[in-house]
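The working numbering puts the sequence shown at residues 357 to 545.
Cβ atoms here follow ideal geometry from the backbone N, Cα and C, with glycine treated the same way.
Here is the structure we will look at, set down as structure tokens.
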Amino acid sequence: MRNRLAIVLCLSVLLCVLAGCGASDPASEPEQEPAEEAVIESGITVTGTIIEAAGKSVDLGEKNEYIKSIASCRWLEKTKVAAQCRISGTKSQAYYFVVYDMVRDMYVYEQYGKQFIWQNDDMDTLIYVLDYAGEGEPSLVCNKNDMVLYESSAEEQIYNVAFVPKGIKVELADLRGNHQRQVLVEAAT
Numbered sequence: 357m358r359n360r361l362a363i364v365l366c367l368s369v370l371l372c373v374l375a376g377c378g379a380s381d382p383a384s385e386p387e388q389e390p391a392e393e394a395v396i397e398s399g400i401t402v403t404g405t406i407i408e409a410a411g412k413s414v415d416l417g418e419k420n421e422y423i424k425s426i427a428s429c430r431w432l433e434k435t436k437v438a439a440q441c442r443i444s445g446t447k448s449q450a451y452y453f454v455v456y457d458m459v460r461d462m463y464v465y466e467q468y469g470k471q472f473i474w475q476n477d478d479m480d481t482l483i484y485v486l487d488y489a490g491e492g493e494p495s496l497v498c499n500k501n502d503m504v505l506y507e508s509s510a511e512e513q514i515y516n517v518a519f520v521p522k523g524i525k526v527e528l529a530d531l532r533g534n535h536q537r538q539v540l541v542e543a544a545t
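Quick look at the structure:
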């Protein structure tokens, strides 16, 4: 009789372990967002906020204390490194963009915003978005010289910008993500 009780007890424990008894309910645990992987071009090494390239290094965290990580780092015009950095703190924009000349050891360009793009390795074609969606203000597409190329309504969010043969394509949606539309901005950057 005792052997049967021992066997039943052992089987019960085994079933509980196999069924996950005592384990926390995965549905009640908060899901963690997958970490966005940084995009780093060949010849560039990133460690924290330090960029190493062309035999030199620069700590972007010394220049801007709001940088929490580097999202992308690419060569621009052969001697410059363009880094898009995630920021924290009181800045209203999601990213800090910086271009650093590795040969001359100097910052060439800095801007807060998102969606920094350019054409043909030419920094003069740089455009970016200042995102004020949800803050009751229009979002802006600007060029390198901070000239406004396009202004959305306060009820729309700019979710993508791209170069097209006749100018810049701006893709928008209302703040709920519905009613998407595209606008072609025929303007020189």
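{"Item": "Cβ-Cβ distance between V454 and A439 below 8 Å", "Value": "yes"}
{"Item": "Contact set for F519: own chain, Cβ-Cβ below 6 Å, skip 5 residues either direction", "Value": "Q475"}
{"Item": "Nearest to A529 (by Cα), restricted to the options Q538, V414, K522", "Value": "Q538"}
{"Item": "Nearest to K500 (by Cα), restricted to the options S425, I483, E421, E493", "Value": "I483"}
{"Item": "Exposure of S413, with buried meaning 16 or more beta-carbon neighbours within 10 Å", "Value": "exposed"}
{"Item": "Alpha-carbon spacing of V464 relative to C429, whole angstroms", "Value": "15 Å"}
{"Item": "P382 - DSSP class collapsed to helix/strand/coil", "Value": "With a pLDDT of 38 at P382, under the threshold of 50, the modelled position of that residue is not reliable, and the figure given next carries that caveat. In the structure shown, P382 sits in a helix (DSSP, three-state: H, G or I)."}
{"Item": "Whether Y422 touches Y456 by CB criterion (8 Å)", "Value": "no"}
{"Item": "Beta-carbon spacing of D487, S495 below 8 Å", "Value": "yes"}
{"Item": "Exposed unless 16 or more other CB atoms sit within 10 angstroms - verdict on E418", "Value": "exposed"}
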